[in-house]
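Asks:
There are 2 protein chains.
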Amino acid sequence: MVSIMKISELSLETGASLATIKYYLREGLLPAGERSAPNQATYSKAHVRRIHMIRALTDVGGLAVSDAKRVIDAIESDLPLTRAFEIAQRTVSEQVDPESLDDDAISTIDSAIAGWACEPTDPGRLAAARVVMNFRKAGQGTDSGWLASYAEAAQLVAKADLDLVETRPDLASRAETVVVGTVLGDALFAALRRSAQAAESVRRYGDPER
Amino acid sequence: MVSIMKISELSLETGASLATIKYYLREGLLPAGERSAPNQATYSKAHVRRIHMIRALTDVGGLAVSDAKRVIDAIESDLPLTRAFEIAQRTVSEQVDPESLDDDAISTIDSAIAGWACEPTDPGRLAAARVVMNFRKAGQGTDSGWLASYAEAAQLVAKADLDLVETRPDLASRAETVVVGTVLGDALFAALRRSAQAAESVRRYGDPER
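Order-wise, the sequence lines are chains F and G.
Under my numbering, the letters of the first sequence match residues 767 to 976, in that order.
Under my numbering, the letters of the second sequence match residues 767 to 976, in that order.
#1: Under 7 Å, CB to CB, which of the residues in the segment 875–903 of chain G have a partner in chain F?
#2: Tell me the DSSP bridge mates of G/I770?
#3: According to the Cβ coordinates, are F/A904 and G/V837 closer than 8 Å?
#4: Does G/R976 have its Cβ less than 8 Å from a Cβ in chain F?
#5: Output needed for G/D870: all residues of its chain with C-beta closer than 6 Å, excluding positions within five of it in sequence on either side, in chain order.
#6: Measure the C-alpha to C-alpha separation of G/I875 and G/P886 and round it to an integer number of angstroms.
#7: Apart from the five residues on each side of it in sequence, which residues of its chain come closer than 8 Å, Cβ to Cβ, to F/A895?
#8: Output needed for F/V949: all residues of its chain with C-beta closer than 7 Å, excluding positions within five of it in sequence on either side, in chain order.
#9: I'd like the list of long-range same chain contacts for F/R976, defined as Cβ closer than 6 Å, with 5 residues on each side in sequence excluded.
#10: Under three-state DSSP, which class holds G/R801?
#11: Cβ of F/I770 less than 8 Å from any chain G Cβ?
#12: Closest by CA to F/V944, which one among F/M771, F/P797 and F/A926?
#13: Assuming F/A830 contacts G/L958 under a Cβ cut-off of 8 Å, what Cβ separation, rounded to an integer in Å, is found between them?
#14: Could one say the Cβ of G/A822 lies closer than 8 Å to chain F's Cβ atoms, at least one of them?
#15: Buried or exposed for G/R792, please, with buried defined as at least 16 other CB atoms from any protein chain shown within 10 angstroms of its CB.
#16: Please report the Cβ distance between G/A812 and F/W882, rounded to the nearest whole angstrom; I am assuming they are in contact, meaning their Cβ atoms lie under 8 Å.
#17: Within the same chain, show all residues whose beta-carbon is closer than 7 Å to that of F/T780, passing over the 5 residues directly before and after it, in chain order.
#18: For G/H809, I'd like the list of residues in its chain whose CB is within less than 7 Å of its CB, leaving aside the five on either flank, ordered along the chain.
#19: How would you label G/G951, buried or exposed, when you count the other beta carbons within 10 angstroms and need 16 or more for buried?
#20: Would you kindly check if the distance between the Cβ of G/L845 and the Cβ of F/V897 is under 8 Å?
#21: Using 8 Å as the threshold, is the C-beta distance between F/I853 and F/A840 below it?
#22: For F/A920, which option in G/R849, G/E966 and G/G794 has the closest C-alpha, if you only look at C-alpha atoms?
#23: If you run the structure through DSSP and keep just helix, strand and coil, what is G/A964?
#24: Determine whether the Cβ of G/S777 lies closer than 8 Å to any Cβ atom of chain F.
#25: Distance check for F/V968 and G/G890, CA to CA, integer angstroms please.
#26: Looking only at its chain, what residues have a beta carbon closer than 8 Å to the beta carbon of G/T933, apart from the 5 residues adjacent to it on each side?
#27: Does the beta-carbon distance from G/L930 to F/W912 come in below 8 Å?
#28: Quick one: does F/R940 have its CB under 8 Å from some CB of chain G?
#29: Determine the burial state of F/E942: buried for a count of at least 16 other Cβ atoms within 10 Å of its Cβ, exposed for fewer.
#30: Cβ of F/T857 less than 8 Å from any chain G Cβ?
#31: At which residues does the alpha helix (DSSP H) containing F/T874 begin and terminate?
#32: Can you check which of these residues, G/S843, G/L778 and G/L892, is closest to G/A938 by C-alpha distance?
#33: For the ligand HEM, is there a heavy atom less than 7 Å away from the beta-carbon of F/Y790?
#34: How about F/A914 and F/A878: are their beta carbons less than 8 Å apart?
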């Protein structure tokens with residue numbers, strides 16, 4: 767990869783069409799290139815990374831371009847990390863109205879996450895309570911041991927996420943890792959959970975193909 | 767909840783409109799009610815559960831109705847559990863073309879899940895490799911300790927999932943738990959991961975509000 771490129775090369779390098787790149791520039795998701803002639807600008811590796819980040823947010827994370835912009839603005843505003851996490855999470859996650867939840871589902875989740883430093887309005891807590899509610903509506907009991915394993919696994923992953931963020935050299939790249947990790951981490955865990963279920967089910971019940 | 771109901775009561779009980787219920791009946795997602803008069807049928811608690819399951823698959827899992835039907839057909843066909851898991855997973859997960867992956871990303875995932883009884887075509891393995899690829903494209907290095915924590919957490923959750931399935935009394939309700947759990951488990955983990963990140967980040971960096 768060359769480190770200074772024209773817009774056509776940026777398009778080739780990232781697989782994003784010229785129209786898409788121009789749209790990102792217009793909407794302020796991508797910083798302007800360096801003007802090299804009256805009608806020409808050059809772009810850098812930072813632009814390549816940013817385009818891949820926008821793609822991760824919109825294609826993998828399912829964000830609208832306006833929401834991706836909100837997250838990217840948060841990255842660029844030198845916020846403390848706790849706030850950057852919060853904005854990334856609130857944008858990526860569907861907001862759950864606390865009024866739509868029954869008390870039983872909330873207290874089930876509160877027992878599973880007892881001792882965590884969570885605000886009552888924590889969006890993860892409310893979203894988790896809604897899942898419990900939907901689970902029960904579908905006729906499925908939730909078991910406290912099952913929920914405890916999910917909570918333990920979530921803590922393990924959250925610690926690893928924060929450790930990864932701390933390996934980054936500066937605030938801007940830490941914030942980038944927060945945002946990309948928030949979106950792609952969900953997809954990574956869901957994928958590994960499927961492989962682990964397949965492996966565990968072969969271990970317990972044997973391989974149906976053999 | 768009454769245990770035998772007319773279609774209008776089924777609608778009230780589930781919040782699904784009459785048109786939706788008739789559509790599910792027509793498409794074979796919902797078994798026909800018991801004929802009680804030439805132009806009337808009655809429905810049972812099993813119908814209520816089934817409607818909530820269809821809703822979980824389509825609203826939370828984002829499945830098309832035709833895909834939800836495929837999963838429900840699998841439940842009703844007395845398959846071994848390993849196969850029921852496989853069908854639920856293949857339907858819920860986006861298929862990743864192995865040709866679209868680079869060898870580096872695949873070998874990174876293979877190291878993380880070394881020793882798991884996974885087929886090379888395992889959809890979770892391929893989906894995880896794609897996430898690693900997207901992560902790197904977005905300029906983010908993946909760290910082997912980070913991936914190892916995800917793999918360990920996925921094993922913990924998969925064991926809990928299988929344990930939950932084994933508490934169910936018969937094959938039909940086990941298959942139901944597989945399907946509902948495959949879809950809602952992703953949402954539950956993602957929600958708890960957010961809460962755990964918030965809690966861990968307050969623990970490490972303090973609360974920005976205070």
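For every residue, glycine included, the Cβ atom is placed at its ideal position computed from N, Cα and C.
Replies: Here's the rundown:
#1: Taking a C-beta cut-off of 7 Å against chain F, the contacting residues of the segment 875–903 of chain G are I879, W882, A883, C884, D888, P889, G890, R891, A893, A894, V897, N900, F901 and K903, listed in chain order.
#2: Position 4 of the second sequence holds residue 770 of chain G. Its beta-bridge partners are G/S810.
#3: Sequence index remark: in the first sequence, residue 904 of chain F carries index 138 (1-based). Sequence index remark: in the second sequence, residue 837 of chain G carries index 71 (1-based). Taking a C-beta distance under 8 Å as the contact criterion, F/A904 and G/V837 do not qualify as a contact pair.
#4: Translated into positions along the second sequence, residue 976 of chain G becomes position 210. Note that G/R976 scores 49 on pLDDT, short of 50, meaning its location in the model is unreliable; the coordinates nonetheless yield the value given after this. It does not: the Cβ of G/R976 has no partner Cβ on chain F nearer than 8 Å.
#5: Position 104 of the second sequence, counting from 1, holds the residue named residue 870 of chain G. Leaving aside the five residues that flank G/D870 on each side, none in its chain has a CB nearer than 6 Å to its CB.
#6: Here residue 875 of chain G corresponds to residue number 109 of the second sequence, with the count starting at 1. Here residue 886 of chain G corresponds to residue number 120 of the second sequence, with the count starting at 1. Counting only the Cα atoms, G/P886 lies some 12 Å from G/I875.
#7: Residue mapping note: residue 895 of chain F aligns to position 129 of the first sequence, counting from 1. For F/A895, where only same-chain residues beyond five positions count, the Cβ hits under 8 Å are V862, L867, A871, I872, T874 and I875.
#8: Here residue 949 of chain F refers to the residue found at position 183 of the first sequence. These residues qualify, in order along the chain: A822, L823, V826, G827 and V858.
#9: In the first sequence, the residue the question calls residue 976 of chain F occupies position 210. Low local confidence applies: a pLDDT of 49 at F/R976 is under 50, so the model's placement there is unreliable, and no value is given.
#10: Residue numbering aside, residue 801 of chain G sits at position 35 when the second sequence is read from its first letter. Strand at G/R801.
#11: Taking the first residue of the first sequence as 1, we reach residue 770 of chain F at position 4. Using a Cβ-Cβ cut-off of 8 Å, F/I770 does not count as an interface residue toward chain G, since no Cβ of chain G sits closer than that to its own.
#12: Walking along the first sequence from the start, residue 944 of chain F turns up at place 178. Minimum Cα distance to F/V944 is reached at F/A926.
#13: Translated into the one-based positions of the first sequence, residue 830 of chain F becomes position 64. Translated into the one-based positions of the second sequence, residue 958 of chain G becomes position 192. In fact, because the Cβ distance is near 25 Å, the residues do not count as touching under 8 Å.
#14: As a working note, residue 822 of chain G is residue 56 in the second sequence. Answer yes: the Cβ-Cβ gap between G/A822 and chain F drops below 8 Å somewhere.
#15: Taking the first residue of the second sequence as 1, we reach residue 792 of chain G at position 26. Around the Cβ of G/R792, a 10 Å sphere holds fewer than 16 other Cβ atoms; the residue is exposed.
#16: Translated into positions along the second sequence, residue 812 of chain G becomes position 46. Translated into positions along the first sequence, residue 882 of chain F becomes position 116. In this structure G/A812 is not in contact with F/W882, their Cβ atoms being roughly 37 Å apart against a cut-off of 8 Å.
#17: Translated into the one-based positions of the first sequence, residue 780 of chain F becomes position 14. Within the same chain, Cβ atoms closer than 7 Å to the Cβ of F/T780 are found at V814, I817 and H818, the five residues on either side in sequence being excluded.
#18: Taking the second sequence and counting its residues from 1, one reaches residue 809 of chain G at position 43. This sequence places Tyr at residue 809 of chain G; His is not what is there. M771, I773, L776 and G799, listed in sequence order.
#19: Taking the first residue of the second sequence as position 1, residue 951 of chain G is located at position 185. By the neighbour-count rule (16 or more Cβ atoms within 10 Å), G/G951 is buried.
#20: What you label residue 897 of chain F is simply residue 131 of the first sequence in a count that begins at 1. What you label residue 845 of chain G is simply residue 79 of the second sequence in a count that begins at 1. In terms of Cβ geometry, F/V897 and G/L845 do not form a close pair [threshold 8 Å].
#21: Start at 1 with the first residue of the first sequence, and residue 853 of chain F comes out as number 87. Start at 1 with the first residue of the first sequence, and residue 840 of chain F comes out as number 74. In this structure, F/A840 lies closer than 8 Å to F/I853 by Cβ.
#22: Within the first sequence, residue 920 of chain F is the residue found at index 154, counting from 1. Of the listed residues, the one whose Cα sits closest to F/A920 is G/E966.
#23: Against the second sequence, residue 964 of chain G aligns to sequence position 198. Reduced to three states, the DSSP call for G/A964 is helix.
#24: Sequence index remark: in the second sequence, residue 777 of chain G carries index 11 (1-based). No, because no Cβ of chain F sits closer than 8 Å to the Cβ of G/S777.
#25: The residue labelled residue 890 of chain G in the question sits at position 124 within the second sequence. The residue labelled residue 968 of chain F in the question sits at position 202 within the first sequence. Taking the Cα positions, G/G890 is about 15 Å away from F/V968.
#26: Translated into the one-based positions of the second sequence, residue 933 of chain G becomes position 167. Setting aside the 5 residues that flank it on each side, G/T933 has no residue in the same chain whose C-beta is closer than 8 Å to its C-beta.
#27: Against the second sequence, residue 930 of chain G aligns to sequence position 164. Against the first sequence, residue 912 of chain F aligns to sequence position 146. Judged by their CB atoms, G/L930 and F/W912 are nearer to each other than the 8 Å cut-off.
#28: Here residue 940 of chain F refers to the residue found at position 174 when the first sequence is read from its first residue. Chain G contact via Cβ: absent.
#29: Mapped onto the first sequence, residue 942 of chain F falls at position 176. The residue in question, F/E942, is buried, as its Cβ has 16 or more Cβ neighbours within 10 Å.
#30: Position 91 of the first sequence holds residue 857 of chain F. Judged by the 8 Å Cβ criterion, F/T857 is not in contact with chain G.
#31: By one-based count along the first sequence, residue 874 of chain F stands at place 108. Element bounds for F/T874: D869 to A878.
#32: In the second sequence, the residue the question calls residue 938 of chain G occupies position 172. Selected option, being the one with the closest Cα: G/S843.
#33: Absence of the ligand HEM is noted for the structure shown, with no ligands found whatsoever.
#34: Here residue 914 of chain F refers to the residue found at position 148 when the first sequence is read from its first residue. Here residue 878 of chain F refers to the residue found at position 112 when the first sequence is read from its first residue. With contacts defined by Cβ atoms closer than 8 Å, F/A914 and F/A878 form a contacting pair.
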